[in-house]
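Visitor: Numbering (the numbering used here), first residue to last: 939 to 1206. Cβ coordinates follow ideal geometry from the N, Cα and C atoms, glycine included. Right, I'll just put the structure down here and ask away after.
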Ligand SMILES: [Cu+2]
């Protein structure tokens, strides 16, 4: 189905179900398009003036069109209740427990993605609007808060381990953005004032995808899918799917950076 629709390579667990549904919807639409187009041509020919010089006041007496309409409605009902709704419930209602997932907060702003990990303690530190500094502290993280001391903040670089559910809590600092990960079949608006969770299981590491696509420079992208201002076009982040070991190495390096910065500010 992925090839048939010309979709980006697939890299998440639930993505195949989304592609399948997308394919069925396109098939039904193609069928309707051909059916309606054919019917229009038939009607033009069948009811041409030379064959029908006088108007027929009885109209259509056969019921076949009603049966066809019912069949289309049934097909649409099956798509909606058989495929869409179960998938939707799974996506928005069956969020895995946080203890079994990588939890990360992603905050959109004009024009970047701020990535915030809770650090080894697993608790997100307090943020304070008065502490926001566009250059040094875009989230306004309050490092004096015990839970914030080990928090990791990154810009446009989201790392996740392969095979483990990832829960992304989406937020926005200014306008509505949209967090779009095409290869993971994830797209969700980030709305100011709301924290919206999205979850998925990444199944293909960045390295593996590089081999698969034959592109040594391949990167999973975070695209902003909502026209959010003049710099919308450059609001582009990257997702790196690591093996669990690589992820730990990256975390440790980020953790060391945080410690270093903490020591420096204490010294100052
Ligand atoms: Cu945006």
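1. If we count the other Cβ atoms within 10 Å of its Cβ and call it buried at 16 or more, is residue 1055 buried or exposed?
2. Taking only three categories from DSSP, how would you classify residue 996?
3. Within 6 Å: the Cβ of residue 967 and any heavy atom of ligand 1?
4. So which of 1162, 1151 and 1114 has the shortest CA-CA distance to residue 949?
5. Mind checking whether the beta-carbon of residue 1097 lies closer than 6 Å to any heavy atom of ligand 2?
6. What's the C-alpha gap between residue 1065 and residue 1004?
7. Check residue 1228 in the structure and name its three-state DSSP category.
8. Can you find the residues in the same chain that come closer than 8 Å, C-beta to C-beta, to residue 1098, ignoring five residues on each side of it along the sequence?
9. Helix, strand or coil: how does DSSP classify residue 988 here?
10. Closest by CA to residue 1021, which one among 1006, 943, 995 and 963?
11. For the alpha helix (DSSP H) that contains residue 1010, what are its first and last residues?
12. Would you say residue 972 reaches chain D, if we count a Cβ-Cβ gap shorter than 7 Å as a contact?
13. Who pairs with residue 1073 in a beta bridge, going by DSSP?
14. Taking C-beta to C-beta, are residue 1068 and residue 1111 nearer than 7 Å?
15. Would you call the region 1189-1198 in contact with the region 1156-1171, where contact means no fewer than 3 C-beta pairs closer than 8 Å?
16. Taking 6 Å as the cut-off, does the CB of residue 959 come closer than this to any heavy atom belonging to ligand 1?
17. Between the region 951-960 and the region 1120-1129, do three or more beta carbon pairs fall short of 8 Å?
18. For residue 1156, name the three-state secondary structure that DSSP assigns.
19. For residue 960, which residues of its own chain have a beta-carbon under 7 Å away from its beta-carbon, when the five flanking residues on both sides are left out?
20. So the candidates are 1157, 1174, 1133 and 1114; which of them puts its Cα closest to the Cα of residue 947?
21. Residues in its own chain within less than 7 Å of residue 1170 by CB, not counting five upstream and five downstream?
22. To the nearest angstrom, report how far apart residue 1047 and residue 1007 are at their CA atoms.
23. Would the beta-carbon of residue 1147 be found less than 6 Å away from any heavy atom of ligand 1?
24. At what residues does the beta strand (DSSP E) containing residue 1174 begin and finish?
25. Residue 1054: beta carbon under 6 Å from a heavy atom of ligand 1?
Guide: Based on what the coordinates show:
1. buried
2. coil
3. no
4. 1151
5. Ligand 2 is not part of this structure, which contains only ligand 1.
6. 60 Å
7. Nothing in the structure corresponds to residue 1228, since the chain is present only between 939 and 1206.
8. 1040, 1042, 1104, 1140, 1177, 1178, 1179, 1180 and 1185
9. coil
10. 963
11. 1002-1015
12. No chain D appears in the structure shown, which is made up of a single protein chain.
13. Partner(s): none; residue 1073 has no beta bridge.
14. no
15. no
16. no
17. yes
18. coil
19. 943
20. 1157
21. 1049 and 1162
22. 47 Å
23. no
24. 1174-1180
25. no
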